[in-house]
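Visitor:
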Amino acid sequence: MVHIKRLQEDNADIISIIGEIDASSSIELDLTIAKSLGEGFKKIIVDCSAMEYISSAGLGVFMSYIEEMKDKNVPLVLFGMKEKVANTFSILGLADLLHICNTKQEAKQLADELSV
Amino acid sequence: MLKSKAIIRLSFLGSIIAWLVLVFSDITVLYSEMKGLPPGVPLWLPRLMLAVFILCLFYYYRYSVDRDEGLNFTDLLWKVFATGLIATVVSLVFRLGASLLGTTKLASNILFTDFIYQINLALFISFLIAAYTSWKRLILYQKSKWLIRTWAVFVVCLFIVLIYDSLQIAIPEPLTTIILVVIGLLVFILSANMRWVAYLNFKQKWTCLLLLLLSFFYLGYFIYTVSKLSESINAQSPSFSGFNSHIFNLCLLSFVIVYSVFSFLVILFNLPTSSVFEQKLEEVVNFQRISQSIQTEQNEESVYNILLESSVSSVFADAAWLEIQSATDGHKLFTFKITERESKDIRDYLRSHNIKGALDQSSDRTKNLSRHLASVKGSRFRSLVAFPITVKGETIGTLALLKELPEGFNKEMTRIVSTFANQAGISIENFRLMEEAFQTERYKEELKIAKTVQKSLLPTSLESAPDFEISAFAESADEVGGDYYDTLRINDHQVALIIADVSGKGTTAAFHMSQMKGIFHSLAQQELDPKEFMDRANRALMFCLERGSFISATYFVVDSVTKIIRYSRAGHCPVLYFKAREGTTGYLKDKGTALGMVRSKDYCKLVETNEINYAPGDIMVLYTDGITEAKNQRSEEFDYTRLEAALKEVTDKTAEEIEKHIIQRLYEFSGTSEINDDYTSMTIKFK
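Here the protein sequences line up with chains H and C, keeping their order. All letters in the first sequence, in the order written, are residues 10 to 125 by the working numbering. All letters in the second sequence, in the order written, are residues 371 to 1057 by the working numbering.
Encoded structure:
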C-alpha cells in the first residue's frame, strides 16, 4: 500500500511517497513520475521520509527515468530516506547514480545547482 | 426381468386353460340339465373356473401393464382402448358368424348360445381387468400412505366378493349389503384421485377424451351383448346364473364405469384451463433454459437469444428486441419479428422526445411505455415494455417487448419477463466469472511452467575442489522468483561462482534468469577479470532487459593456487564472510551497481574487482534478499545481524551443516514453514 502526493514548491515538483513500494504499487510511482515529467517540471524532488520499504521493482522505476531525465536536463533528487531504505539503495549501487540528500532544504539546493 | 416375463406367460396360459375348462364344464352342466341327467362334472366347477380365470388375468395384466414404468397416461388409456377394440372386434366376428348361420338349428341351440356367451364374457372380463389395472396406475399416481391403504382395502373387498361368488358361501344378507356399500364408497373415494389429469397437455387431453369415449362404447356394447345372451340362456335354463348374478363382475364393472366417467368429466372441465397450466410449465422450462444456458452453451450470445425467445413466448409478444451495450464488444442488437430499422425508429423517437425511463439504460425500473407509442408515426405497435439487464449492478442492456394491441401487457407478464431478465443477468455474470476463473487458471498454469523452467535452470551438482566445499539451498514461494546460483570450473585451479537475483517475478523473471545463466556460462570460460565479467554481462543484458528490470549479482573466481578470491559485486546483497584465523564475521560491502541499471559504457566505472585471501576454516555465505528480508509475525526482518549470528553459532561445522542451520534459524524466526519469497543461499567452506 502506498500513497503518493505531489506538491509544487519553487518550480520544483515534490513527490511524497507514504508507505511501501512493492511490485504492484511501483506502477503508481511510475505513473506519477511520468506525469510530472509530462507536465514539464524542471526539477523533481522525491520525499522519501515516509517511505517504509522499497522493492527492486520500485528501484527499477527510478532507474528507468535516469536516462530520460539526463537528456531533458531535469535533476531528480531524493531526500529523507530511512536507514533501511537507504541501505537498499546503497546495496544495489544506486547511491552513486541518484542524488540523495538528507533534508528537503539540501535537496532543493542541490536541484537548483544541478538544473543550472 | 425373466421372472416377470415367466409370470406373464404362465398367467396367460393359466387363464386360457381355466377358460377352456370353464366353457367345457359350463356346457356340460347346461347339457345335463337340459336332458335332466345328473351332471358329469361338479356344479361348482364353472364358477370356480371363472374365479381362476379372473385371477390369472389379474396377474397377467398386473405384470404386463402395472410393472411397465415406461407407460405414460395416454399410453395407459391407449392400452385399455386397444384391449377393448380387440375384444369388440373378436366379439363382432362371432356375432357375424352367428348371423351368417341364420336361424338354423345350431344358431338357436342353447349350448351354442352358451358358448358365444362364454366367449363374450371372457372378452368383457379381460377388458374390465385391463381397465382396472390401468385405473389403478392412474389412481396411485402421486400416492400417499392413506391412498395405498384405501386401495388395499378395496382390493381385499373385491377378493372377498370373488371368493363369495365362486364358492357360493352362504353369507347373511346384511353382511353382503355392508360389503357392497363399502365397495361403493371406496369406488367413489378412489375415483376422486385425478391428479394425473393436470399433467396432460391440451392435445393429450383431447386424445384421452376420445379414448375414454370409445371405451364407453365398448362397455356399452358388452353390457348389452352379455346381458342379452345371459337372458336368452336363462329363458331356457332357469338355473343358469347369468352375468348379473356375479357380484364381483358387477363391482368391477361399476368401478371401471365410475372412474371412467369421473375422468371424462374432469378432463372435459380441465380443457379450458390447460393452456394456463401448460404456459406455467413452459415458463419453468424457459427459466431453466436461461439458468442452464451457461453450462450447455458456449457464449453470451446464446443467453441473449434464449432470453429473447423465452420472453416472447411467455407473454405472447408480437415483436421484441434486445439491445446490449458492452464496453468490449460494442453495441449489439438482437431482434425478433421486427426489423432493425423499425426498432431504431422507435428508439430514436423515444430519445428525441426525451422520454425518460423508456429504453434509458440508466433506469433501474421497468416501465410501461405504451402511451408513447401511439404517437410514433408508422408504427404498428401499441404496447411496449422494457426491462433492464443488469450484471454486477451495472445495466448492460435493455429488453423491449412489443404488442400490436394497446395495453397488451398485464402485471403478471411483466413480472415473469423481469424474472427472466434478472436470470439472464445472473447467467451472464456467471459466464464472465467463469471466464475470469479460466484466465486465472491459465495464468497459474503458466506460472507452474515458469517455476519448472526456473528450477531446471539451477545446477543439479556443484563444483568441488580439494580446498573448499559448496552447499546450496533454494526454495521458492508460489510465485516464481528469479534467484540464480551456479558454479563453473574455469581451469584446474580456478572455479567461478555466481549468485544473482532478477528483479520482478513470474515468467519474465524466469526468462531473464535463463539469459543470466547463458551469460555466466559463456563469459566465465573466458577467464575474465570479475569486473570485466560484469561489464560484459551488462552490455549483453542492456538490450535484453525491459525498462525498469535489472539483475543484481556477485561473481567470484576462487583460485586454489594463490588462495585468493577475486570477486565483483553488482548490486547484490553483501557477502557474509567468516575469517577463521581472527574468528570474526563481516559483510563485504564493496561498491557496485546492479546489471541493467545503467545502460551505457559508463557502467564499467560503477563496478570494481575486489580480492580477499582465504585460509582453511574460512566461510563465505552467499544469499539473496529473500533471506534478509524474511519477516516474522511482528513484521520484523531477519536482517543481517540475525544472519551473522546464525553463522557464528556453527562456524566449525561443514558447509552443508552450516547451511541447514541457517535455514532452520530462518524458519524458526518466521514462525511458519510457508515462505512468501525465495530463499536462496550458497555456502562455501574452505579447507
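Note that the Cβ used here is the ideal one computed from N, Cα and C, for glycine as well.
1) Could you round the C-beta distance between Ile-13 (chain H) and Ile-23 (chain H) to whole angstroms and report it? I think they count as a contact, below 8 Å.
2) To the nearest angstrom, report how far apart Ser-919 (chain C) and Gly-874 (chain C) are at their CA atoms.
3) Would you list, in sequence order, the uninterrupted beta strand (DSSP E) runs of no fewer than 3 residues that lie entirely inside the stretch 48-119 of chain H?
4) The stretch 24-53 of chain H: which residues have C-beta closer than 9 Å to a C-beta of chain C, in chain order?
5) For Ser-461 (chain C) and Leu-491 (chain C), I'd like the C-alpha separation in whole angstroms.
6) May I ask you to report which of helix, strand or coil DSSP gives Ser-841 (chain C)?
7) Would Arg-735 (chain C) count as contacting chain H if we go by Cβ distances under 8 Å?
8) Would you kindly report the start and end of the unbroken beta strand (DSSP E) that includes Gly-590 (chain C)?
9) Which of the three DSSP states is assigned to Glu-403 (chain C) in this structure?
10) Taking the Cβ atom as the reference point for each residue, do Val-673 (chain C) and Ile-660 (chain C) lie within a distance shorter than 8 Å?
11) Taking only runs that begin and end inside the stretch 779-866 of chain C, name each unbroken alpha helix (DSSP H) of 4 or more residues, in chain order.
12) Name, please, each residue of chain H whose Cβ falls closer than 8 Å to the Cβ of Leu-976 (chain C).
13) Taking Ala-66 (chain H) as the query, report the chain C residues whose CB atoms sit under 8 Å from its CB, ordered along the chain.
14) Let me know the beta strand (DSSP E) ranges lying completely inside the stretch 438-477 of chain C, each 3 residues or longer, listed in chain order.
15) Against chain C, with Cβ distances strictly below 8 Å, would Met-72 (chain H) count as a contact?
16) Strictly below 8 Å CB to CB, what residues from chain C border Gly-89 (chain H)?
17) Let me see if you follow: with CB-CB separation under 8 Å, is Val-685 (chain C) close to chain H or not?
18) Could you give the first and the last residue of the continuous alpha helix (DSSP H) run that contains Val-523 (chain C)?
19) Helix, strand or coil for Asp-929 (chain C), going by three-state DSSP, please let me know.
20) Pull out every residue of the stretch 957-968 of chain C whose Cβ sits closer than 9 Å to any Cβ of chain H, in chain order.
21) Give the residues from the stretch 689-713 of chain C that approach chain H closer than 8 Å (Cβ to any Cβ), ordered along the chain.
22) Taking only three categories from DSSP, how would you classify Thr-963 (chain C)?
23) How long is the line joining the alpha carbons of Lys-51 (chain H) and Gly-941 (chain C), rounded to whole angstroms?
24) Under a three-way DSSP split, which group does Leu-703 (chain C) fall into?
25) Taking 8 Å as the threshold (C-beta atoms), are Val-927 (chain C) and Pro-900 (chain C) in contact?
26) Return the residue from the list C:Lys-515, C:Glu-999 and C:Phe-482 that minimises the CA-CA distance to Phe-394 (chain C).
27) For the 8 Å Cβ check, are there 3 or more pairs between the stretch 831-842 of chain C and the stretch 702-709 of chain C?
28) Since Ile-637 (chain C) and Leu-580 (chain C) should fall inside the 8 Å C-beta cutoff, what is the C-beta to C-beta distance between them, to a whole number of angstroms?
29) Closer than 7 Å by C-beta to Arg-969 (chain C): which residues in its own chain qualify, once you throw out the five before and the five after it? Chain order, please.
30) So which residues on chain H does Pro-944 (chain C) lean against when the C-beta distance must stay under 8 Å?
31) Where Val-991 (chain C) and Ala-894 (chain C) are concerned, what is the direct C-alpha to C-alpha distance, given to the nearest angstrom?
32) Run down chain H in chain order and give the residues with a C-beta less than 7 Å from the C-beta of Gly-941 (chain C).
33) I'd like the list of long-range same chain contacts for Ser-1005 (chain C), defined as Cβ closer than 8 Å, with 5 residues on each side in sequence excluded.
34) Distance cutoff 8 Å, beta carbons only. Does Ser-831 (chain C) sit that close to anything in chain H?
35) Count the other C-beta atoms from every protein chain shown that fall within 10 angstroms of the C-beta of Ile-869 (chain C), then say buried if there are 16 or more, exposed otherwise.
36) Can you pull the chain H neighbours of Ser-1065 (chain C), defined as C-beta to C-beta under 7 Å?
Guide: Based on what the coordinates show:
1) Wrong, their Cβ atoms sit about 11 Å apart, outside the cutoff.
2) Ser-919 (chain C) and Gly-874 (chain C) have their C-alpha atoms roughly 7 Å apart.
3) Entirely contained in the stretch 48-119 of chain H, the beta strand (DSSP E) runs reaching 3 residues are, in chain order, 52-56, 60-63, 85-88 and 108-110.
4) Going along the stretch 24-53 of chain H in chain order, one finds Ala-32, Ser-35 and Asp-39 with a Cβ nearer than 9 Å to chain C.
5) Rounded to the nearest whole angstrom, the CA to CA distance from Ser-461 (chain C) to Leu-491 (chain C) is 10 Å.
6) Correct three-state label for Ser-841 (chain C): strand.
7) Confidence at Arg-735 (chain C) is low in this model, with a pLDDT of 44, below 50, so its placement is unreliable and the value that follows should be read with caution. Closer than 8 Å: no.
8) Unbroken run through Gly-590 (chain C) is the alpha helix (DSSP H), 572-606; no beta strand (DSSP E).
9) Three-state result, Glu-403 (chain C): helix.
10) Judged by beta-carbon spacing, Ile-660 (chain C) lies within the 8 Å limit of Val-673 (chain C), meaning their Cβ atoms are closer than that value.
11) Uninterrupted alpha helix (DSSP H) stretches at least 4 residues long and entirely within the stretch 779-866 of chain C occur at 781-827, given in chain order.
12) Correct list: Gly-102, Asp-105 and Leu-106.
13) Near Ala-66 (chain H) (Cβ distances below 8 Å), the residues of chain C are Ser-873, Gly-874 and Gly-918.
14) Runs of the beta strand (DSSP E) inside the stretch 438-477 of chain C: none found.
15) So yes, Met-72 (chain H) belongs to the interface.
16) Within chain C, no residue comes near Gly-89 (chain H); the closest Cβ sits about 21 Å away, beyond 8 Å.
17) At a cut-off of 8 Å between C-beta atoms, Val-685 (chain C) does not count as an interface residue with respect to chain H.
18) Per DSSP, the continuous alpha helix (DSSP H) segment holding Val-523 (chain C) begins and ends at 515-537.
19) In this structure, Asp-929 (chain C) counts as strand in the three-state DSSP scheme.
20) Residues are counted here when their Cβ sits less than 9 Å from a Cβ of chain H; for the stretch 957-968 of chain C these are Lys-959, Lys-961, Gly-962, Thr-963, Ala-964, Gly-966, Met-967 and Val-968, given in chain order.
21) Those would be none; no residue qualifies.
22) If DSSP states are grouped into helix, strand and coil, Thr-963 (chain C) belongs with coil.
23) Each residue's Cα considered, the two are about 29 Å apart.
24) Strand, per DSSP.
25) Val-927 (chain C) sits close to Pro-900 (chain C), with the two beta carbons spaced by under 8 Å.
26) When each option's Cα is compared against that of Phe-394 (chain C), the closest is C:Phe-482.
27) As far as the Cβ criterion goes, the stretch 831-842 of chain C does not touch the stretch 702-709 of chain C, which means the pair count is below three.
28) The pair is not a contact, with the Cβ atoms about 10 Å apart (cut-off 8 Å).
29) Counting only residues of its own chain and dropping the five nearest sequence neighbours on each side, Arg-969 (chain C) has a CB closer than 7 Å to the CB of Met-912.
30) Close partners of Pro-944 (chain C) in chain H (Cβ separation under 8 Å): Ile-100.
31) Rounded to whole angstroms, Val-991 (chain C) to Ala-894 (chain C) spans 21 Å at the Cα level.
32) Going along chain H in sequence order, the residues near Gly-941 (chain C) (Cβ under 7 Å) are Ile-100, Leu-101 and Gly-102.
33) The answer is none, since no qualifying residue turns up.
34) By this cut-off, Ser-831 (chain C) is not an interface position.
35) With 16 or more other Cβ atoms within 10 Å, it is buried.
36) Since the first residue shown for chain C is 371 and the last is 1057, residue 1065 (chain C) is missing from the structure and cannot be characterised.
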